[in-house]
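Residue numbers (the numbering used here), protein chains in the order written: chain F, 241 to 652; chain A, 241 to 652.
In this text, a Cβ means the ideal position worked out from N, Cα and C, and glycines have one as well.
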């Protein structure tokens, strides 16, 4: 990991979209040089007074001090700045790591004349090395006096092993006004967010009270970031924060009955969906995007667990890499999930073709469309358990030599 | 997988030991030709009347009909024969799969003049293709008239993607007589036994009543087969069966207070330990054997789950493959396990060298012995949670390009 974007661009990459400014949010980037690289690795987004914030954070038992800081600050529901460091996660660094986060928040607060608790901090990179406070402070000072950047520069500055910058945009009509939501995200390996993903940041000019923003983000997260996995390895630093500046001037959304609440929730969910899939598309070594839908489970939760068991199975992921319709490995992954399943009711499809049902192979199914589907870049696996109404869809990527090369060579 | 033992022999392979005959058990092999190969792929072990049996079987919700057959037959606790088919697991094949197992048991029973329920059947290989009954019956007939084989021929005949045959032997003194225990096992991928491992068979001339044999096997299994993982993918067919012929003539062991019960249990546990590690040493693509010990957990069960979270982490396994002392990935795997852990009490060692303690890196630890340890073939990772007395040791292998090559090319 000599520098960001150093690996070949993922074949599943999407072009960076045209992201408009968000009134009330001003992005800037700087070179803190957390590693021996010459790139922007510190992002500093200032937010107008009155900005509300919501967030979802890793459930890891070994979270970074940044995660702990955000968890505490989220209680107040207001934000004036976001600082993101790339190249060093500052995780598992004891008191020195905590001191670094406090110093960053204090410095940013001094620049802005706000409380340190209004400053949100996230860091990504190697675990176990304390973030150098002097570099962070110098970077922050440089960012504060820099010209504003665009969102693409932020998306690039927050990346580590990412092979392309990731952003998304959507709009919603709320209280007669069109509000904008933009998001940037980073992540490629160590991706199995428990409640969030590596690092994702969402900015909107809508006026949204913090509790409702949190509720909407929780709902979106449950069907997006919590439904993706690259390698089953949940990070110590997973963070998604959503900031609402209120500059659009709508009557603030306060609950689900507010005018435009449905449209805002739908737009936020759409944005989260776009961002989550951009991460899977940059899964380390990925050559195929895999969508796994489990239906007929005893509950949605059970369906989710079974879908994740399939999505994290190295044997399923290598079979897809090899374009092999080895549905027996899907049977194996259903069987090992520890959730209710009955072998003789189980049905499996690849793409639109049913390959197994009633506990055995479909006699004489047409292998040609299955083979054609597996040669594509976007693979669909469907499982019907035939037990109930539980349902879930998750996304992952295949497991290739690329993953091994990237991770057996990454020197800490 | 054109033929057994077709991949390069694992660098971690051990030589096949000198296994003595076991009085009362007669092994034979034959060519059923379940695949287009010219090798023995059917094993037939006949057992003297009075042989007791115990077994542990996969907890998969999608087990093979062989597993279901054995589960039922184990209730009676007696055995006259074992039939093992290699090249076809017969799993997920509906009524035709069940019919194949019944036909095999009936044919063997007719040869021996016993009940079909005295015949134990296990199969390994591709999932989803019904085992051809005609080939099984012809193979069984051929085996019945063949000369007895040795245990090495059985170990070879039960293999599939295994790169070397696996067997172990030990003895115990019971009731003044030296009894012999031999075991053969196969397995290389799809290894994360929930209660057993791929296919393992243990034979002893000791006289042991079935309930005590089962209790001793359960205890040994909990610390051996249930503590290994290659890829976290639990098979549909995992089976370990232990047969005690009684030919040694000791007073039958009936419970833990029987004379020699402790010695027998210890010997059985030792044999299971040897067999389990032989499987990890043949993990697909393995270049290093990794022993992970977790101490200081809230319970043994919690320690086991955390150890397995580390053992199944692709990022930990690739780091070891790359000989990288990336202990941050161990922190990550502890944190994601969903078990009680406190970051700031956590300590980690590689080999004998403490690299992290109290929630951060050990200041200025000597990297030279760590680097030397990681260059070896046998790697030790130690984690101390500092919470309680819970403890577990598990074994896995590293994740290399070999795993991808083997599994992305395996065509069903």
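task: Using a threshold of 8 Å, state whether the C-beta atoms of residue 322/F and residue 441/F are closer than that.
output: yes
- prompt: If we ignore side chains and look at the alpha-carbon of each, how far apart do residue 307/F and residue 371/A end up?
  reply: 54 Å
query: What in chain F is Cβ-close to residue 553/A, meaning under 9 Å?
result: 471, 472, 473
- request: Run through the stretch 386-459 of chain A for me and flag every whole alpha helix (DSSP H) of 4 or more residues, listed as ranges in chain order.
  value: 391-397
query: Mind checking residue 347/A: buried by the 16 CB within 10 Å criterion, or exposed?
result: buried
query: Where does residue 369/F sit, in a helix, a strand or coil, going by DSSP?
result: coil
field: First and last residue of the uninterrupted beta strand (DSSP E) at residue 328/F
entry: 321-328
- prompt: Helix, strand or coil: how does DSSP classify residue 363/F here?
  reply: strand
- request: For chain F, find out if any of its Cβ atoms is closer than 8 Å to the Cβ of residue 576/A; answer yes or no.
  value: yes
query: So with Cβ pairs under 8 Å, would you call residue 639/A a contact of chain F?
result: yes
- prompt: How about residue 487/A and residue 318/A: are their beta carbons less than 8 Å apart?
  reply: no
- prompt: From this set, 480/F, 518/F, 581/F, which residue's C-alpha is nearest residue 297/F's C-alpha?
  reply: 480/F
task: Using the Cα positions of residue 424/F and residue 553/F, report the straight-line distance between them to the nearest angstrom.
output: 29 Å
query: When burial is assigned at 16 or more other CB atoms within 10 Å of the CB, is residue 405/A buried or exposed?
result: buried
message: Closest to residue 288/A by C-alpha separation, out of 630/A, 445/A, 591/A, 462/A, would be which residue?
response: 445/A
field: Distance CB(residue 414/A)-CB(residue 503/A) smaller than 8 Å
entry: yes
- request: Use the C-beta contact count for residue 388/F: other C-beta atoms within 10 angstroms, 16 or more gives buried, fewer gives exposed.
  value: exposed
Within-8 Å CB hit, residue 590/F to chain A: no
field: Inter-residue spacing [alpha-carbon to alpha-carbon] between residue 396/F and residue 280/F
entry: 8 Å
task: Verify whether the separation of the beta carbon atoms of residue 408/F and residue 252/F is less than 8 Å.
output: no
task: Taking only the alpha-carbon atoms, compute the straight-line gap between residue 639/F and residue 363/F and give it to the nearest angstrom.
output: 27 Å
message: Quick check on residue 519/A: does DSSP put it in helix, strand or coil?
response: helix
message: Can you pull the chain F neighbours of residue 366/A, defined as C-beta to C-beta under 9 Å?
response: 566, 568
- prompt: Assuming residue 579/A and residue 542/A make a contact with CB atoms under 8 Å, what is their CB distance in whole Å?
  reply: 5 Å
query: Which class does residue 637/A belong to by DSSP, given the choice of helix, strand or coil?
result: strand
message: Below 8 Å on C-beta distance, what does residue 610/A contact in chain F?
response: Going along chain F, no residue has its Cβ under 8 Å from residue 610/A, so there is no contact; the nearest lies around 11 Å.
- prompt: Excluding the five sequence neighbours on either side, which residues of its own chain have a C-beta within less than 6 Å of the C-beta of residue 324/A, listed in chain order?
  reply: 283, 362, 398
Best match in 582/A, 312/A, 568/A for proximity to residue 589/A [C-alpha to C-alpha]: 568/A
message: Our contact map puts residue 484/F next to residue 448/F with C-beta atoms below 8 Å; I'd like the distance itself, whole angstroms only.
response: 4 Å
- request: Check each candidate in 261/A, 331/A, 375/A and name the one with the smallest Cα separation from residue 270/A.
  value: 375/A
- prompt: Under the DSSP definition of a beta bridge, which residues are partnered with residue 484/A?
  reply: 292/A, 444/A
message: List, in chain order, every chain F residue whose beta-carbon is nearer than 8 Å to that of residue 584/A.
response: 334
query: Considering only residues of the same chain and omitting the five flanking positions on each side of residue 499/F, which have a CB-CB separation below 6 Å?
result: 415
message: I'd like the list of long-range same chain contacts for residue 615/A, defined as Cβ closer than 7 Å, with 5 residues on each side in sequence excluded.
response: 563
message: Among the candidates 392/F, 330/F, 262/F, whose CA atom is the shortest distance from the CA of residue 369/F?
response: 330/F
field: Per-residue DSSP class, three states only, for residue 600/F
entry: strand
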